[in-house]
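2 protein chains.
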Amino acid sequence: MIKMSILGGGNLAQHLIKAFLNSPKIEVVQVYNRSIDKIQRFSPDTSVINTIQDLKKVDVYLICVSDQAIPYLAANIKFEDALVLHTSGSTALDVLNKFERRGVFYPLQTFSKDRKVDFSQLPIGWETSQKDDEKTLKLLAKNISNNVFPLDSKQRLSVHIAAVFVNNFVNHLYEIGHSICKENNIDSNLLYPLLLETALKVEKMPPYKAQTGPAKRQDHNTIKKHLEVLTNNKREIYKLLSDSISHLYENEL
Amino acid sequence: MIKMSILGGGNLAQHLIKAFLNSPKIEVVQVYNRSIDKIQRFSPDTSVINTIQDLKKVDVYLICVSDQAIPYLAANIKFEDALVLHTSGSTALDVLNKFERRGVFYPLQTFSKDRKVDFSQLPIGWETSQKDDEKTLKLLAKNISNNVFPLDSKQRLSVHIAAVFVNNFVNHLYEIGHSICKENNIDSNLLYPLLLETALKVEKMPPYKAQTGPAKRQDHNTIKKHLEVLTNNKREIYKLLSDSISHLYENEL
Numbered sequence: 058m059i060k061m062s063i064l065g066g067g068n069l070a071q072h073l074i075k076a077f078l079n080s081p082k083i084e085v086v087q088v089y090n091r092s093i094d095k096i097q098r099f100s101p102d103t104s105v106i107n108t109i110q111d112l113k114k115v116d117v118y119l120i121c122v123s124d125q126a127i128p129y130l131a132a133n134i135k136f137e138d139a140l141v142l143h144t145s146g147s148t149a150l151d152v153l154n155k156f157e158r159r160g161v162f163y164p165l166q167t168f169s170k171d172r173k174v175d176f177s178q179l180p181i182g183w184e185t186s187q188k189d190d191e192k193t194l195k196l197l198a199k200n201i202s203n204n205v206f207p208l209d210s211k212q213r214l215s216v217h218i219a220a221v222f223v224n225n226f227v228n229h230l231y232e233i234g235h236s237i238c239k240e241n242n243i244d245s246n247l248l249y250p251l252l253l254e255t256a257l258k259v260e261k262m263p264p265y266k267a268q269t270g271p272a273k274r275q276d277h278n279t280i281k282k283h284l285e286v287l288t289n290n291k292r293e294i295y296k297l298l299s300d301s302i303s304h305l306y307e308n309e310l
Numbered sequence: 058m059i060k061m062s063i064l065g066g067g068n069l070a071q072h073l074i075k076a077f078l079n080s081p082k083i084e085v086v087q088v089y090n091r092s093i094d095k096i097q098r099f100s101p102d103t104s105v106i107n108t109i110q111d112l113k114k115v116d117v118y119l120i121c122v123s124d125q126a127i128p129y130l131a132a133n134i135k136f137e138d139a140l141v142l143h144t145s146g147s148t149a150l151d152v153l154n155k156f157e158r159r160g161v162f163y164p165l166q167t168f169s170k171d172r173k174v175d176f177s178q179l180p181i182g183w184e185t186s187q188k189d190d191e192k193t194l195k196l197l198a199k200n201i202s203n204n205v206f207p208l209d210s211k212q213r214l215s216v217h218i219a220a221v222f223v224n225n226f227v228n229h230l231y232e233i234g235h236s237i238c239k240e241n242n243i244d245s246n247l248l249y250p251l252l253l254e255t256a257l258k259v260e261k262m263p264p265y266k267a268q269t270g271p272a273k274r275q276d277h278n279t280i281k282k283h284l285e286v287l288t289n290n291k292r293e294i295y296k297l298l299s300d301s302i303s304h305l306y307e308n309e310l
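Residue numbers (the numbering used here), protein chains in the order written: chain Z, 58 to 310; chain L, 58 to 310.
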């Protein structure tokens with residue numbers, strides 16, 4: 058049985074607390090968050106605290122907060138021989154340099170308050186400073202997912218950037234599509250089957266092969282018609298992405 | 058029974074031919090394509106031709122070719138009292154001005170050779186020059202889909218632009234995510250659960266609400282770290298989309 062405490066109360070923290078509370082091989086000893094109301098709901102199953110000095114000694118501390126808050130929490134964990142992990146995509150392992158046994162537990166998914174996440178397929182990348190701790194980290198990860206893999210700091214930063222493209226930026230393009238519909242009194246739900254098929258398609262074929270549209274076939278007439286209608290940042294984004302696609306496929310025409 | 062002929066042999070044409078051949082209330086009399094090999098497989102069920110002059114008189118001609126080829130086919134349909142439709146997102150109805158009874162049949166989906174499409178939920182926007190033909194157009198569309206709606210030329214252009222954002226451009230961002238993974242020896246399949254959840258999420262909540270990430274929370278540290286790694290068009294796209302997101306949410310911070 059691994060004794061573990063989790064620090065954080067955001068969307069990711071809440072999902073992880075729930076997942077680890079359901080893991081038979083892990084005991085969640087304490088959950089800490091600055092404001093207790095976000096973690097109060099876990100109080101029947103674990104000890105919830107909002108005073109960092111009340112942290113008890115456990116095997117593993119999982120710091121699951123915004124990147125900027127990691128150093129503060131790390132400074133306040135006084136058990137320097139414990140294994141201390143963070144969950145950040147873009148923070149190097151050395152932010153935890155104070156601890157000889159440090160590591161990263163990086164789940165690659167978008168977490169929202171109201172969405173259930175299928176943890177069994179959730180990719181979790183791990184990194185550790187000590188070979189001896191690999192087993193513990195893998196065990197932790199495998200307790201909540203079947204999709205667990207090593208990922209060093211440089212790779213993790215790259216995966217995080219890739220995730221910004223396929224999640225944050227993709228969602229922003231969804232938002233632009235929706236707002237174009239709204240501006241023209243069109244039900245934006247009409248876009249949904251297309252949007253979903255676009256995602257489903259790349260499970261079966263690489264996006265390079267799945268690409269279609271005016272930019273790929275260098276259909277300048279259509280691109281011109283579209284640019285005439287668009288304004289401001291929508292127009293700039295249309296232009297830049299079309300140029301990028303045209304450039305990628307220019308040798309295929 | 059509506060007698061119909063379909064002109065075209067691309068991905069969309071092939072899917073539509075198949076769908077209409079399965080519709081009990083529609084008789085597909087002929088299928089025309091410049092190169093016969095693309096439509097040969099339909100020859101057991103309909104007449105396939107590659108000479109436009111061999112078109113017989115039917116009730117409806119469905120022109121389902123690239124935008125540039127529409128005028129040529131329209132010029133070669135000699136039955137000027139028939140209902141003639143095109144399927145283009147960005148072509149106004151008046152490209153068919155020669156025909157008094159003209160219309161548009163615009164399916165909002167991405168079609169690939171190797172992907173089956175669930176036509177029952179496929180949004181189909183229609184437009185017609187003659188009120189009398191509305192019934193026929195709706196009947197055609199409803200024979201293959203439950204998601205049928207009127208869409209004038211201006212709205213159709215807007216929907217097409219929105220579709221370019223949520224399909225073509227989104228797929229390009231998938232491609233960028235995949236190439237970042239490849240460059241760093243990371244299995245790009247890791248991105249798939251995130252990518253799929255990003256799409257599934259906006260079925261339940263508007264993309265405006267679903268947005269997360271460094272640009273939304275104006276996390277300049279992370280953005281800076283990411284820009285330091287990125288080069289060329291990936292860097293430009295990262296910058297422009299981050300600025301656009303920051304701008305959209307700046308009043309919320």
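From the three backbone atoms N, C-alpha and C, an ideal C-beta is built for every residue, glycine too. On a predicted model such as this, the values are computed, not experimentally measured, just so you know.
Length of the line joining the Cα atoms of Z/N290 and L/S301: 7 Å
Proximal residues to L/L257 (C-beta, below 7 Å), its chain only, five neighbours per side dropped: none
Z/L140: first and last residue of the uninterrupted beta strand (DSSP E) it sits in: 140-143
Beta-carbon proximity of L/S62 to L/Y118, cut-off 8 Å: yes
Entirely enclosed alpha helix (DSSP H) segments - the segment 139-211 of chain L, minimum 4 residues: 191-201
Three-state secondary structure (DSSP) of L/I134: coil
Close Cβ partners of Z/I134 (< 7 Å) along its chain, the five nearest in sequence each way excluded: L112, Y118, V141
Z/S215 in three-state terms, based on DSSP: helix
Of the listed residues L/R91, L/I74, L/S92, L/I93, nearest to L/E84 (C-alpha basis): L/I74
L/Y129: contacting residues in chain Z (beta-carbon distance under 8 Å): Residues of chain Z passing the Cβ test: none, with the nearest at roughly 15 Å.
Residue range of the alpha helix (DSSP H) that includes Z/K291: 289-306
Members of the segment 151-175 of chain L that neighbour chain Z once the beta carbon cut-off is set at 9 Å: L165, Q166, T167, F168, S169, D171, R172, V174, D175
Limits of the beta strand (DSSP E) - the one that L/Q87 falls within: 83-89
Residue range of the unbroken alpha helix (DSSP H) whose run includes L/K281: 277-286
Contact residues within the segment 95-108 of chain Z, judged by C-beta distance below 8 Å to chain L: none
N- and C-terminal bounds of the alpha helix (DSSP H) containing Z/K261: 249-261
Exposure label - L/P207; buried when at least 16 CB within 10 Å: exposed
Stretch pair the segment 230-242 of chain Z + the segment 86-94 of chain Z: three plus CB contacts closer than 8 Å: no
Buried versus exposed call for Z/L310 [16 or more other C-beta atoms within 10 Å across all chains shown]: exposed
Simplified DSSP state of Z/L119, which is helix, strand or coil: strand
Where the alpha helix (DSSP H) containing L/L78 begins and where it ends: 68-78
Buried versus exposed call for L/A198 [16 or more other C-beta atoms within 10 Å across all chains shown]: buried
Top-ranked residue by Cα proximity to L/I237, from Z/P81, Z/Y295, Z/F222: Z/F222
For Z/M58: DSSP bridge partner residues: The partner list for Z/M58 (beta bridge, DSSP) is empty, contrary to what the question assumes.
When Z/N200, Z/P250, Z/T144 are compared against Z/F176, the one with the closest alpha-carbon: Z/N200
Any chain Z beta carbon closer than 8 Å to L/H277: no
Z/I96, DSSP secondary structure in three states: coil
Helix, strand or coil at Z/I324 [DSSP, three-state]: One cannot answer for residue 324 of chain Z here, as it falls past the ends of chain Z, which runs 58 to 310.
Chain-order list of residues whose beta-carbon lies under 8 Å from that of L/L69 (same chain, five-residue window excluded): C121, T144, P164, F168
Close Cβ partners of L/N224 (< 6 Å) along its chain, the five nearest in sequence each way excluded: T167
Residue from L/S299, L/V88, L/Q87 with nearest C-alpha to L/H283: L/S299
Spatial distance of Z/V205 from L/P250 (CA atoms): 13 Å
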